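For the sequence shown, counting from 1, position 352 maps to 352 in our numbering; every step adds exactly one.
Cβ atoms here follow ideal geometry from the backbone N, Cα and C, with glycine treated the same way.
All values reported here derive from a predicted model rather than from experimental measurement.
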Amino acid sequence: MTKKRKKFYVTTSIAYTNASPHLGFSLEAIQADVIARYRRSLKEDVFFLTGTDEHGQKVVKAAKEDKKSPKEFCDKISAEFKKLKGILNLSNDDFIRTSDKKRHWPSVKKVWLELKRRGDIYKKKYKGLYCSGCEAFITRKDLKNGKCIVHHQKPEVIEEENYFFRLSKYSKIIERIIRNEKIKIIPQVRKNEMLNFTKRGLEDISFSRPRKDLKWGVPVPEDNNQTIYVWADALINYLSALSYSKNSRKFKKYWPADVHCIGKDIQKFHCLIWPGILLSLKLPLPKTIFIHGFITVAGQKMSKSLGNVIDPFELVKKYGTDPVRYFLLREIPPTEDGDFTYEKFEARYNSDLAKGLGNLIARVMKLAEKSKVKSRSVPYGESQATTKLQFKIQKSIDKTQRDYRKALEEFKFNEALISVWELIGFCDRYIEKERPWEDKSQKSKVKNQKVISDLLFALNEIARLLQPFLPETSEKIIKQLKTNKSRILFPRL
Ligand SMILES: [Zn+2]
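Structure below.
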């Protein structure tokens with residue numbers, strides 16, 4: 001009997017379609033892609049979801065500026081996000097759009113009615129502070145000097161009658177869930193931030209807006225005068241993509257999510273409101289919420305007005321897919337803010353890819369070609385390492401694998417790459433020490449062949465470890481090992 005494969009469900013947040021894709025979302029998509037590819041390499045049954053969040057006031061405004069209807073505008077922007085799959089080599093299995101009336105809307109309405117049936121949706125007149133950047137009512141706790149912490153703008157005072165979700169009812173349980181890591185929030189500092197919110201008690205939140213003020217969205221079931229507010233619509237994508245229902249095979253197989261990858265600006269919605277909805281629905285909770293930081297450009301926030309927005313399409317066009325993936329995964333700390341500059345990008349490219357990895361492969365392949373050593377397809381274990389040298393290289397590979405796995409289990413993408421580059425460094429030193437091109441006698445010729453064979457074996461390992469990070473490069477290395485032909489992987493910039 002074959003063992004049942006473990007399932008693994010990983011998501012990005014859905015990108016908001018008020019503007020074209022930027023580097024920040026590219027980072028998130030690539031991080032999720034590495035997780036998905038790594039899990040597949042462990043033979044797990046992976047479902048990797050991404051998509052676009054298309055409703056809301058900001059989209060309507062952006063569409064107007066572009067002289068398009070919201071629908072036309074979203075079709076255009078969503079298509080750009082879909083194109084990221086090709087240019088960033090993403091392996092997502094699905095792409096959900098919240099404007100999809102066939103796939104997404106029925107789940108949103110279903111969830112709404114279930115929350116209502118459980119007594120967790122009620123209508124009330126409300127006067128509050130509304131941040132148009134957040135597209136949400138915010139409280140005094142979210143302000144600094146009277147301005148929204150995220151958007152640095154003054155909220156407006158709005159009075160209207162909306163539907164509310166009884167989040168307060170779940171406040172205590174959510175606190176326990178976060179504290180006991182029933183939902184693991186990574187990194188720890190974000191977990192603590194969320195606990196600070198729950199300690200003060202969570203308040204009920206608005207789940208709808210009057211339809212006259214927000215037409216572009218899912219109408220509230222049984223009340224056409226109200227539109228479901230963006231988050232009560234957007235968060236449901238994680239369920240709707242699995243065609244949420246008790247009878248859906250996909251839903252039964254993949255829910256709950258194993259990892260939601262998100263940015264720090266939307267952590268409150270994912271760590272506090274989302275568990276509240278799921279608790280009300282009596283559904284299992286996501287296991288991990290992984291939160292990345294922001295990318296700055298030369299130390300400044302990326303923004304249209306500063307004119308420093310980095311376009312992922314242009315970056316890939318100039319340098320190629322894998323170098324962009326490499327930079328974002330290696331240079332940007334996975335859970336903190338990181339900085340982009342062209343100087344930093346090119347320095348990484350030259351030192352790590354062209355000189356480090358590219359150089360090692362070119363050297364080893366040339367040696368193999370000259371001495372006619374074929375790469376070994378069957379890996380050998382420590383017991384087969386007969387010479388001291390082989391034992392050393394095997395030990396180095398084993399250590400790399402251990403460090404790499406540990407780093408990936410903790411979402412430390414940069415550290416996983418550092419461990420691979422340590423192996424690359426080891427191979428460089430091995431070549432320098434053994435000098436397998438010097439053959440003075442028949443005996444040294446045999447020894448040289450063994451050294452080169454070891455190196456080919458190590459290259460094969462390096463290629464395998466790089467697969468989740470640099471899929472195209474990994475494939476090219478394996479091809480070179482098979483054909484024994486050397487080609488330049490990364491030309492110097
Ligand atoms: Zn705001």
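Closest by C-alpha distance to I173, when choosing among Q153, Y126, G201, F327: G201
Contact the segment 4-15 vs the segment 248-258: 3+ CB pairs below 8 Å: Touching, per the Cβ criterion.
Residue of I478, Y404, P187, Q31 minimising C-alpha distance to S91: Q31
Limits of the beta strand (DSSP E) - the one that Q467 falls within: Here Q467 belongs to no beta strand (DSSP E), and DSSP marks it neither H nor E.
Any residue whose CB is nearer than 5 Å to a heavy atom belonging to ligand 2, listed in chain order: Judged by which ligands are present, ligand 2 is missing from the structure shown, whose ligands are ligand 1.
For G320, the nearest candidate out of A79, N89, K4, V59 (CA to CA): N89
6 Å Cβ shell around R348 - same chain, five flanking residues per side excluded: Sequence-distant partners of R348 (beyond 5 residues in either direction) whose C-beta falls short of 6 Å from its own C-beta, in its chain, are F327, E331.
Classification of K372 by the beta-carbon crowding that lies within 10 angstroms, buried from 16 upward: exposed
Nearest to K154 (by Cα), restricted to the options F165, L167, T139, N162: Residue T139 is the option with its Cα nearest to K154.
S486 in three-state terms, based on DSSP: coil
Residue burial classification, H55 (beta-carbon count within 10 angstroms, cutoff 16): buried
Residues that DSSP places opposite C74 in a beta bridge: Partner(s): none; C74 has no beta bridge.
Option nearest F165 by Cα separation, candidates W274, V46, G293: Relative to the Cα of F165, the nearest Cα in the group W274, V46, G293 belongs to W274.
Whole-angstrom distance between D94 and F48, CA atom to CA atom: Rounded to the nearest angstrom, the two C-alpha atoms are 7 Å apart.
Exposure label - L493; buried when at least 16 CB within 10 Å: exposed
Identity of the residue in C134, F25, L481, Q226 nearest I462 by Cα: When only C-alpha atoms are compared, the closest one is L481.
L360 burial status per 10 Å Cβ neighbour count (16 or more: buried): buried
Per-residue DSSP class, three states only, for C261: strand
F391 burial status per 10 Å Cβ neighbour count (16 or more: buried): When all chains shown are included, F391 counts as exposed.
Sub-7 Å separation of P491 and V34 beta-carbons: At a Cβ-Cβ threshold of 7 Å, P491 and V34 do not count as neighbours.
Alpha-carbon to alpha-carbon, N484 and H22: 39 Å
P284, buried or exposed, once every other Cβ within 10 Å from all chains shown has been counted against 16: So P284 counts as exposed.
Close-in-space but distant-in-sequence residues of the same chain around L367 (CB under 7 Å, 5 per side omitted): If we look at L367 and ignore the five residues flanking it on each side, its Cβ neighbours are P436, W437, I452.
Alpha carbon of N414 to alpha carbon of Q226, nearest angstrom: 46 Å
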